[in-house]
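Asks: Below are the structure tokens for one structure; questions will follow.
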Amino acid sequence: MEQTRPFYDFSIPYNKDDKVMRGLLNELVELGYKTIAIDQSFDHSKKEAGKRGSEMFPEPYKVEHLRKEFRDQLRILQRITILYVDVNVAHAMGVSLNLRKFNIIAGQPKTDAALTHCCTAFNGDLITFDPVAGSRLLVNRKAYQVAVRRGMFFEIKYAPAIVDSNNRKDMIKVAQNYCTKGKSKNIIFSSGAAHEFQLRGPYDVANLAFIFGLSEDQGKNAVDRHCRQLFLKAESRRLGKTIMFVKGNGPIVFSDSSEDEKSQEDDEMESLKTEIGEEDASEVKDENKQANKRLKVA
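The numbers in full-length UniProt numbering rise by one with no breaks, and the one at position 268 of the sequence shown is 268.
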């Protein structure tokens, strides 16, 4: 299993310009992030009719050169965000081989029906929303609770709020909806930053909890603990059943339980024999005393 370290940012949009990507990654290192995910989007609602039933999801972008360059500084994961409008996406995801190459799969619903499906049946790890499209999609209480029980997480991106005040209002509205319907459970913070100047440090991001209706602990978990849980959930979905080998550092002592039981039984028998012997001896003494009394009387 891949190792990760805090802090996390699971939404760094992919850019074809390596200069821009290197600027983003260098800024993330300076701010103290250790694990990030490069995000690429795919709009399933714009699929071609002739591709139904075949591989329609793209392969991950080639970022091996960036991984080698930042090998000792950043853990770079790959994420895909699927935009969709109906439940037909489930079949396409079930037969796709390219999706297994991504570390994280996020769903971005575009309709109310897609939002309900994303919470209840989407085979992914993360639920996100488009801050530019506004706050017209709000999750209900039942769907939120189902998503939490399934181990799904809800994402809030802060970079669009820095760029536009309208996006900031919509984001606060969505975050308050999460707080009202589900007490802000399973929330993570991501940047979604297209430029390095839109990035903020992890502690500054955690302080956004007070604006979005989260507690102080929830704000810290949104950039650390919940992200780690999301990664582990994604790895279990991607790898399926696995075999784990546990290696101990100290000496290993093997004992036969049958021998232990036998020795315990022997100890019990010895103690029982001792008790029986003592009882027999006391009975013999009593009989001797009674016989002596009868002789004296005679």
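All C-beta atoms in this analysis are idealised placements derived from N, C-alpha and C, irrespective of residue type, glycine included.
1. Quick check: the region 219-237 against the region 61-76, are there 3 or more CB pairs under 8 angstroms?
2. Taking only three categories from DSSP, how would you classify Ile211?
3. The beta strand (DSSP E) with Gln40 in it runs from where to where?
4. Return helix, strand or coil for Asp164, following the three-state DSSP convention.
5. If you draw a straight line from the alpha carbon of Asn98 to that of Phe210, how long is it in whole angstroms?
6. Compute the Euclidean distance between the alpha carbons of Val29 and Pro6, then round it to the nearest angstrom.
7. Going straight from the alpha carbon of Gly107 to that of Leu126, what length do you get?
8. In whole angstroms, what is the alpha-carbon distance linking Thr180 and Asn166?
9. According to DSSP, what are the bridge partners of Glu27?
10. Going by other Cβ atoms of all chains shown within 10 Å of its Cβ, with 16 needed for buried, is Val132 buried or exposed?
11. Nearest CA to the CA of Thr111: which residue from Val139, Arg200, Ala90?
12. Quick one: residues in its chain with C-beta nearer than 7 angstroms to the C-beta of Arg168, no 5 flanking neighbours on either side, listed in chain order?
13. How many Å lie between His44 and Ala113 at the Cα?
14. Rounded to whole angstroms, what's the CA-CA distance from Val89 to Gly124? Just pull it up for me.
Replies: Walking through what the data contain:
1. No, the region 219-237 is not in contact with the region 61-76.
2. Reduced to three states, the DSSP call for Ile211 is coil.
3. Unbroken beta strand (DSSP E) run through Gln40: 35-43.
4. Per DSSP, reduced to three states, the secondary structure at Asp164 is coil, with no helix or strand assignment.
5. Here the alpha carbons of Phe210 and Asn98 stand approximately 39 angstroms from one another.
6. If you take the alpha carbons of Val29 and Pro6, they lie about 12 angstroms apart.
7. Their backbone Cα atoms lie some 6 angstroms apart in a straight line.
8. Their Cα atoms are separated by approximately 21 angstroms.
9. Bridge partners of Glu27: none, in fact.
10. Val132 is exposed by the Cβ-count criterion.
11. Looking from the CA of Thr111, the closest CA among Val139, Arg200, Ala90 belongs to Val139.
12. The answer, listed in chain order, is Ala161.
13. Taking the straight line joining both Cα atoms gives about 15 angstroms.
14. In a straight line, the C-alpha of Val89 is about 11 angstroms away from that of Gly124.
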